[in-house]
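*Asks:* Under the working numbering, residues 11 to 84 are what the sequence shown spells out, in order. Where a beta carbon is used, it is the ideal one built from N, C-alpha and C, also for glycine.
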Amino acid sequence: MAGLYDGHNGSFTLLDFPFAGDPQVLYVEHAGGSMHIEDQSRVKATILNFKHLSKLALTHEESAAWIETLAAER
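#1: Residue 38 and residue 21: beta carbons closer than 9 Å?
#2: Please state whether DSSP places residue 44 in a helix, a strand or coil.
#3: Residue 58 by DSSP, collapsed to three states: which one?
#4: Would you report the Cα separation of residue 73 and residue 60, rounded to the nearest angstrom?
#5: Between residue 50 and the rest of its own chain, which residues show a CB-CB distance below 8 Å, the 5 nearest in sequence each way excluded?
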């Protein structure tokens with residue numbers, strides 16, 4: 011287990027558009043609705059966060075083994 015990590019802040023979707031020059035946009039859903047975040051400093055910080063979380067993530071094989079272990083304990 012990795013302990014606390016930035017993924018506890020909630021999910022997000024990074025919107026990337028096909029035209030050069032169109033900025034990336036964060037889409038965040040929450041209990042009160044949703045937000046589109048266009049501030050590029052916030053978008054870049056979220057991309058870095060995602061890259062960090064990706065390094066912490068289990069592989070497909072590790073995930074399957076972990077799920078099997080949890081299922082066996084029940």
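*Replies:* Concretely, from the data shown:
#1: yes
#2: Correct three-state label for residue 44: strand.
#3: helix
#4: Residue 73 and residue 60: Cα-Cα distance of roughly 18 Å.
#5: 33 and 34
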